[in-house]
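Input: a single structure, listed below in structure tokens.
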Amino acid sequence: MNKITSLFNIKYPIIQGGMVWCSGWRLASAVSSAGGLGLIGAGSMHPDTLREHIQKCKAATDKPFGVNIPLMYPQIDEIMQIVIEEKVPIVFTSAGNPKTWTTKLQAEGILVAHVVSSSKFAVKCAEAGVDAIVAEGFEAGGHNGREETTTLALIPQVRKAVDLPLIAAGGIATGAAMAAVFALGAEGVQVGTRFALTNESSASDAFKQRCISLAEGDTMLSLKKVSPTRMIKNDFYRQVQELEDKGASADELRSLLGRGRSKRGIFEGDLDEGELEIGQAASMIREIVSAEEVVKEMVGEYNQTVINISKQTF
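And the structure:
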């Protein structure tokens, strides 16, 4: 047991990231049933769809699960009301001010974790009274912090800045990586890319197959004038780069981005014109397995890594 397993009442301190178009009730319930903490990604769901996924997750597992909610969500009041009505035990928030909702959710008995990309924002989370912090390095897929701080540099700085339960995210896809961030002060890991490429992920098979064929350097951080986003280099990415090289404004980039670009790529499998969000760790993954297998592999490799390192004293 550690701070994270005790806080969330889970067996392993492994949290599945709440990813748009990947993390519905099937993935969340599978991760929770395997001993981790599954998160439903509300960012790509209409309110009624979210309620349906919460109810199906409850029916599929008797273990704790949560919902990830980007605070920029346009129907945020409705989403939060659904979470409260459905008695979701845990909420992970991101992309906004944690002070806005933390105390309101906690008053309903809901635990709150907030995602940050710097120690400065971690301190603001502590001031807001969150129950845990997720510190995410820019190796992560999808939307990233503007600081472009790597996980290896971020975790020890956040650990020094705050004493809250700390979850590391960004580039973590193995038990060895889990051991590394634990050595730096983390007490849990949030894993996105590895769970996005599992059987239970709702991403399209075309997207999954593209991701497991990636080489190092096949993802890049782009759209920095809009919202820094790590994506696969494809035709859409190259269009973005051409505009950015010409000094395009944020409005011009938003016009190219349009609506539903990530759905088109991740959920519908348009590998050319879609926005293919995935983390750098994808180049380490070569097969699609179950969420349960991912949890087992990570735990086993973590334990073996700790044993191996303990033998290397100087």
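Numbering (my numbering), first residue to last: 4 to 317.
Backbone N, C-alpha and C define an ideal beta-carbon position, used for all residues, glycine too.
Note that the coordinates shown come from a computational prediction; the quantities given were computed from them, not determined experimentally.
DSSP-derived helix/strand/coil call for residue i
i    : result
V111 : First, the residue type needs correcting, since residue 111 is Glu and not Val in the sequence shown. E111 falls in the coil class under three-state DSSP.
A98  : coil
A45  : helix
I288 : coil
N147 : coil
V302 : helix
I269 : helix
V91  : coil
I312 : helix
P77  : coil
F124 : helix
V86  : helix
D51  : helix
L155 : helix
S293 : coil
V161 : helix
L1   : Residue numbering for the chain in the displayed model covers 4 to 317; residue 1 lies beyond these limits and cannot be assessed.
Residue i versus residue j - alpha carbon distance
i    : j    : result
A251 : K228 : 9 angstroms
T222 : S286 : 9 angstroms
V243 : M4   : 46 angstroms
C60  : R29  : 7 angstroms
A98  : P73  : 5 angstroms
Q58  : V86  : 11 angstroms
E111 : P101 : 16 angstroms
P159 : A182 : 14 angstroms
G261 : Y240 : 14 angstroms
R233 : L217 : 14 angstroms
K211 : A199 : 8 angstroms
D134 : V115 : 5 angstroms
T105 : E89  : 17 angstroms
M75  : I136 : 18 angstroms
V65  : E295 : It is Asp, not Val, that sits at residue 65 in the sequence shown. Looking at the two C-alpha atoms, the distance is approximately 15 angstroms.
K314 : A179 : 15 angstroms
V302 : Y15  : 8 angstroms
E3   : G27  : Past the edges of the chain, shown from 4 to 317, lies residue 3, and the structure says nothing about it.
S9   : D208 : 36 angstroms
Q307 : E300 : 11 angstroms
S230 : R213 : 24 angstroms
K123 : K107 : 23 angstroms
E203 : F317 : 44 angstroms
K163 : V91  : 31 angstroms
Beta-carbon gap between residue i and residue j smaller than 9 angstroms
i    : j    : result
G20  : V194 : yes
A125 : I82  : no
E304 : T177 : yes
A138 : A171 : yes
I79  : A186 : no
N71  : V34  : no
G145 : M22  : yes
P50  : N12  : no
I298 : G38  : For clarity, residue 298 is Val in the given sequence; the question names Ile instead. The answer is yes: Cβ separation under 9 angstroms.
A284 : I113 : no
G282 : T201 : no
C128 : L157 : no
D248 : D275 : no
E278 : R264 : yes
V1   : G188 : There is simply no residue 1 to check, as the chain begins at 4 and stops at 317 in what is shown.
K266 : S47  : yes
E255 : I269 : no
I17  : L40  : yes
S121 : T152 : yes
S205 : C25  : yes
E290 : I215 : yes
Those residues which DSSP pairs with residue i across a bridge
i    : result
H56  : Its beta-bridge partners do not exist; DSSP assigns none.
F68  : G41
A138 : V119 and A171
E280 : M234
Distance cut-off 8 angstroms: residue i Cβ against heavy atoms of the ligand MG
i    : result
I281 : Summarising the ligand content, the structure contains no ligands, and the ligand MG is consequently not present.
If you scan the region 169 to 257 from start to end, which runs of the beta strand (DSSP E) of 3 or more residues do you find wholly inside it? Considered as a whole, the region 169 to 257 harbours 169 to 172, 191 to 194, 222 to 225 and 232 to 235 as its complete beta strand (DSSP E) runs of no fewer than 3 residues, in chain order.
Secondary structure, beta strand (DSSP E): runs of 3+ residues fully inside the region 11 to 38: Within the region 11 to 38, the complete beta strand (DSSP E) runs of at least 3 residues fall at 17 to 19.
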